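2 protein chains.
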Amino acid sequence: MLDDRKAAILRAVVECYIRDAQPVSSAYVTQLASLGVSPATVRNEMAVLEQEGYLLQPHASAGRVPTDKGYRFFVDSLAGPAPLGEPQAELVRMFFARTHGELEHLLHETSELLSRLTDYAAVVVAPNAPEPGRVRSFQLVTLAHQLALAVAVLANGAIERRTIELPGEVTEAQVHRASAALAAFLVGGPLERSGAVPRTGDLTTDNLASATLQTLRQPDYEGAEQVFIGGAARMATAFDAVSTIRKVLGIMEQQFVLVTLLKDVLDRGLSVAIGTEHGLASLADCSVVVAPYEVDGERAGTVGVLGPTRMHYDQALTAVEVVSKKLSKALQEGGKPSAARHRGGRARDSHGGGPGAPGRSIGSQSHA
Amino acid sequence: MLDDRKAAILRAVVECYIRDAQPVSSAYVTQLASLGVSPATVRNEMAVLEQEGYLLQPHASAGRVPTDKGYRFFVDSLAGPAPLGEPQAELVRMFFARTHGELEHLLHETSELLSRLTDYAAVVVAPNAPEPGRVRSFQLVTLAHQLALAVAVLANGAIERRTIELPGEVTEAQVHRASAALAAFLVGGPLERSGAVPRTGDLTTDNLASATLQTLRQPDYEGAEQVFIGGAARMATAFDAVSTIRKVLGIMEQQFVLVTLLKDVLDRGLSVAIGTEHGLASLADCSVVVAPYEVDGERAGTVGVLGPTRMHYDQALTAVEVVSKKLSKALQEGGKPSAARHRGGRARDSHGGGPGAPGRSIGSQSHA
DNA sequence: TCTGGCAGTCAAGGTTACCGAGTGCCAGAC
DNA sequence: GTCTGGCACTCGGTAACCTTGACTGCCAGA
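Top to bottom, those sequences are chains D and S.
Sequential numbering of the first sequence, starting at 1, is according to the working numbering.
Sequential numbering of the second sequence, starting at 369, is according to the working numbering.
The structure is reproduced here in C-alpha cells:
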C-alpha cells in the first residue's frame with residue numbers, strides 16, 4: 001500500500017511527533033531518516049501521505065501530524081514490541097517476586113505497576129468468572145435471630161459467602177443439621193452443584209438446606225466486573241488542555257464504559273485501539289493498549305493502558321504484554337492462596353509483606 | 369476582633385468570591401450587603417482588612433480576594449451549617465434507604481454520594497479498628513499439601529481468615545482435631561482470646577493449634593487504612609490551572625498522605641482546614657472538611673471533602689455532617705450483616721440490589 | 001524523477017494603544 | 001470624628017498591528 005520511502009517517512013513523522021508533540025517538518029524528517037533525498041522530495045511524499053489520510057497539517061505553514069490512520073500503520077508495521085528497559089524489567093521482577101495478598105490487592109497494585117512502567121494510566125479488570133474451585137468446607141452459621149451466613153471455603157482458598165434469612169421457626173439444631181447435610185452434599189464438588197440435598201427427614205431442615213442451595217447458585221452481586229485504575233493522575237501530565245483532561249477523567253469515572261471499551265477492543269481481536277477506532281468520542285485523543293490475562297488457561301480478565309494517541313506504542317505494548325503474562329503466571333500458581341483468590345474474603349500469605357507502601361496512584365476500584 | 373461592619377464586609381467578600389471566583393470590588397460589596405454606607409467607606413474598611421491579613425489584592429486595580437485567614441473568619445463566624453437542599457436531602461435518603469452490600473462497597477459508594485452532594489472530591493477512610501465481634505464459628509481447612517486456611521465467622525457477619533503453613537508431617541486428622549480444639553476455645557469469645565488452647569494430648573495437633581492461635585493474634589495486613597476517593601475528577605472542574613490540577617491529583621495519589629492529613633485535621637479538633645492550615649504545600653489552594661463517623665459509639669473512620677479554598681463551606685459542612693451521621697447509623701444497625709463488616713470477605717444482603725450502577729466517580733481504594 | 005529556489009501562508013510573539021475596573025486619597029459635608 | 005463624593009492614578013486585559021520564522025506548494029531546470 002505504501003512504498004518503502006513513504007513508509008519510512010510516515011514512521012519518522014510518527015516517531016518524532018510522539019517524542020516532541022510538535023508538527024514535524026520535511027526538513028526534520030530528511031535529516032532524521034537518512035533517505036538520501038532532499039526536503040522537497042519528502043514534502044511531495046508527505047503531500048501524498050496527507051491526501052491518503054495518514055498525515056494531517058494543523059495549518060498551512062505547519063509541519064505534519066499523524067492521523068489515527070497514520071498511527072495505525074505505524075503500529076501495524078512495528079517490528080514488534082521493544083524489549084523492556086532494564087530498570088523497568090527490574091521493577092517487574094521485583095513486583096512479582098514479592099508475594100501479594102489477596103487478588104484484589106494484587107490487581108490494584110498491578111494497575112499501579114503498569115502505570116509506572118508506561119507513565120500512562122493503567123486499567124486492570126478483575127476476573128469475573130465465578131470461582132471454579134471445588135468446595136473444601138461448608139458451614140451455615142447463625143448470626144442473629146433470623147439470620148445465618150453460609151460460608152464455603154474453596155480449594156483455591158477463596159471464600160464464598162451468602163447471607164441467608166431464616167424463617168422464624170428454625171432452631172439452632174436445625175441450622176446445624178442443614179449445615180451438615182449441605183456440607184456432605186457440597187464438599188468435594190462445585191459450589192453450584194446441581195441436584196437436591198438428600199432429605200434428612202425433618203421438613204424445616206430440608207427447606208432451609210434447599211433454600212440455602214438456591215441462594216448459593218445465584219451469582220454474587222460482586223459478579224459485576226471490578227476495575228482497578230492506576231495512575232489516573234498521569235493523564236493530567238499527558239495532556240495539557242484542561243478540557244481534554246476533564247473529558248478523559250470524566251470517562252474514567254464511568255468505569256462501566258471503560259470495561260465495555262476494553263472488552264470491545266479485545267473482542268475485535270485488537271491489542272491496540274487508536275483514537276476514534278473505539279467509538280468513544282470523548283476519548284478521541286486517547287489510545288488503548290490491552291491484553292488479556294489468564295487463570296487456569298482461560299481468559300480471566302484484562303490489563304490495559306490508556307494514554308494519548310501519541311503514546312509510546314512499542315513500550316506500552318511490551319509492558320502490557322509482560323504484565324499480563326506475569327500476572328497470568330502469578331495467578332496460575334495454583335494452590336498458592338496468596339493470589340488465586342477472588343470474591344472470597346481476604347487471605348494473607350503468611351510471608352506477605354506488612355502494610356503496603358503508600359499508594360502511588362489514584363487507584364480505583366469499583367463495581368462496574 | 370472585627371467590628372460588625374468589617375465582619376459584614378468580609379463575609380460579603382468571601383461569599384462573592386466563592387460564588388464568582390473573581391476579585392470583589394467595594395461597589396459590589398456595597399450593593400450586596402446593604403450596609404447603608406458608600407463604596408468609599410467600604411474601601412477604607414477593606415484597606416484595613418487587608419492590612420490585618422483578611423483580604424488580599426491581586427494587583428493594584430483589582431478588587432479584593434479573601435486570604436486563608438479571611439476564610440477562617442468566615443467559617444468560624446458561620447451561623448451554622450446550611451440546611452441541605454431538598455434534592456440533596458432526597459439523594460441522601462435514597463442512598464441510605466437502599467441496602468448496601470459489604471462495608472467496602474458501602475464506603476466506596478458513600479464517597480461517591482458525598483462527592484455528588486458537594487461537587488467536590490470526597491474521601492472516606494475505612495475503620496481500621498479490628499473487628500471486635502465474638503467468634504461464632506471457627507474452622508481450619510486444609511487447602512493444599514502444606515497449606516491450611518483458618519476461617520472465623522464473627523458475630524457481626526465478618527469473616528477473618530489467615531493462611532497457615534503446615535509443617536510437612538501433619539495429617540488431615542490432626543488438622544481436624546486442631547480445628548475442633550480451636551473452635552471450642554474461641555467460639556463465643558474474641559478472636560484474639562488470650563491463653564492457650566487446652567491440650568489434646570497429641571503434640572503435633574497442639575503445636576498446630578498454638579501456631580494458628582499465634583497467627584490469629586497478629587493483625588491482618590489489611591489493618592492499614594483503606595481510603596475511598598469519590599469524584600476525583602471534580603477537582604479538574606474546580607480549578608482551571610493545569611498545574612494546580614496536576615498538583616492536587618498528585619497528592620490524591622499518595623493516599624497515605626491524604627489519610628494522615630485527615631487524621632491531623634481531626635486530631636486538632638477541627639472540622640475544616642483551610643489552604644495552608646494543613647501543612648501540605650501542594651494543597652495550598654485546597655480546603656478540607658472532615659467529620660468522623662462511629663461504629664458502636666466509637667470513632668471508626670473519617671469522611672471528608674476536598675475542594676478549592678473557595679468552596680461552599682456551609683454546604684460542605686452540612687453534607688459531611690449529614691453523611692457521617694447517617695453512615696454511623698447505617699453501620700450501627702448492629703447484627704445487620706449487610707453493613708457491619710470489615711476485612712471479612714464479602715457478604716451480600718439477601719435483598720441487596722443487583723450489580724451496582726456504573727461508577728460515577730474515580731473511586732479509589734487502596735491500602736495506605 | 002529529483003532538486004533548488006522562490007513565493008505564499010500562517011502561528012507566534014512582541015509592541016503599542018486604549019479601555020475600564022477599581023483603588024487611594026483628599027476636601028468637604030454632616 | 002465619621003462619612004461621602006469626586007478625582008487622579010494604576011494596571012490588567014484586549015485588540016490591532018507588525019514582524020519574524022517556520023513551513024509548504026509549486027515550478028523550472030538538472
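Where is the CB? At the ideal position from N, CA and C, for every residue including glycine.
Remember, it's a predicted structure, so these values are computed and weren't measured experimentally.
- Considering only D/Q57, D/L32, D/E112, D/E104, the residue with the shortest C-alpha distance to D/A232 is D/E112.
- D/P83 carries a coil assignment under DSSP once its states are collapsed to helix, strand and coil.
- Annotated three-state conformation of S/Y396 is helix, per DSSP.
- By the beta-carbon neighbour count (other beta carbons within 10 angstroms, threshold 16), S/N412 is exposed.
- Comparing alpha carbon positions, the residue from D/A126, D/G250, D/V65 closest to D/S328 is D/A126.
- A straight line joining the alpha-carbon of S/V673 with that of S/Q419 spans about 31 angstroms.
- Between D/S282 and D/A273, the CB-CB gap reaches or exceeds 8 angstroms.
- With a 10 Å radius around the Cβ and a threshold of 16 neighbouring Cβ atoms, S/S505 comes out buried.
- Rounded to the nearest angstrom, the gap between the Cα atoms of S/L474 and S/F463 is 10 angstroms.
- With contacts defined as CB atoms closer than 8 angstroms, S/T580 and S/A526 fail to qualify as a contacting pair.
- Taking each of S/D570, S/D444, S/L629, S/L554 in turn and checking the Cα distance to S/G563, the smallest one comes out for S/L554.
- When DSSP reads this structure, S/F506 sits in a beta bridge with S/A520.
- With respect to the 8 angstroms criterion, S/L482 and S/V688 are classified as neighbours on the basis of their beta carbons.
- Contacts between D/S194 and chain S, judged by CB atoms closer than 9 angstroms, are missing: the closest CB pair is about 21 angstroms apart.
- Secondary structure at D/Y313: helix, using DSSP grouped into helix, strand and coil.
- Taking the C-beta atoms as reference points, D/V323 is found nearer than 8 angstroms to D/T110.
- From the beta-carbon of S/D608, the residues of chain D found nearer than 9 angstroms are V242.
- D/E294: member of the beta strand (DSSP E) spanning 286-295, first to last residue.
- When the Cα atoms are used, S/A668 and S/Q622 turn out to be separated by approximately 22 angstroms.
- Shown here, D/T302 sits in a strand according to DSSP, grouped into three states.
- The continuous alpha helix (DSSP H) containing D/E50 extends over residues 39-51.
- Closer than 8 angstroms to the CB of D/G168 there is not a single CB belonging to chain S.
- Assignment of beta-bridge partners to S/I642 by DSSP yields S/S655.
- For S/V663, no Cβ of chain D is located within less than 8 angstroms of the residue's own Cβ.
- Of the other Cβ atoms in all chains shown, fewer than 16 fall within 10 Å of the Cβ of D/P58; this residue is therefore exposed.
- Judged by their CB atoms, S/R545 and S/T510 are not nearer to each other than the 8 angstroms cut-off.
- Under a 10 Å Cβ-count criterion, S/R461 is classified as exposed, with fewer than 16 other Cβ atoms of the shown protein chains found around its own Cβ.
- Among the residues of the stretch 511-526 of chain S, those with a Cβ less than 8 angstroms away from any Cβ of chain D are L511, A512, H513, L515, L517, V519, V521, A523, N524, G525, in the order of the chain.
- The beta-carbon separation of D/V197 and D/A181, rounded to 5 angstroms, stays under the 8 angstroms limit for a contact.
- Using a 10 angstroms sphere on the CB of D/G85, the tally of other CB atoms stays under 16, which defines it as exposed.
- Residues of the stretch 619-650 of chain S whose Cβ lies closer than 8 angstroms to any Cβ of chain D, in chain order: M620, E621, Q622, Q623, F624, V625.
- Under the DSSP assignment, S/G563 falls outside any beta strand (DSSP E); it carries neither an H nor an E label.
- With respect to D/Q139, D/S179 sits close: the two C-beta atoms are nearer than 8 angstroms.
- Close partners of S/I613 in chain D (Cβ separation under 8 angstroms): A236, V242, I245.
- Exclusion of the five residues before and after D/I9 leaves V29, A33, L35, V42, E45, M46, L49 as the residues of its chain whose Cβ lies within less than 8 angstroms of its Cβ.
- S/I597 has its alpha-carbon roughly 25 angstroms from the corresponding atom of S/D436.
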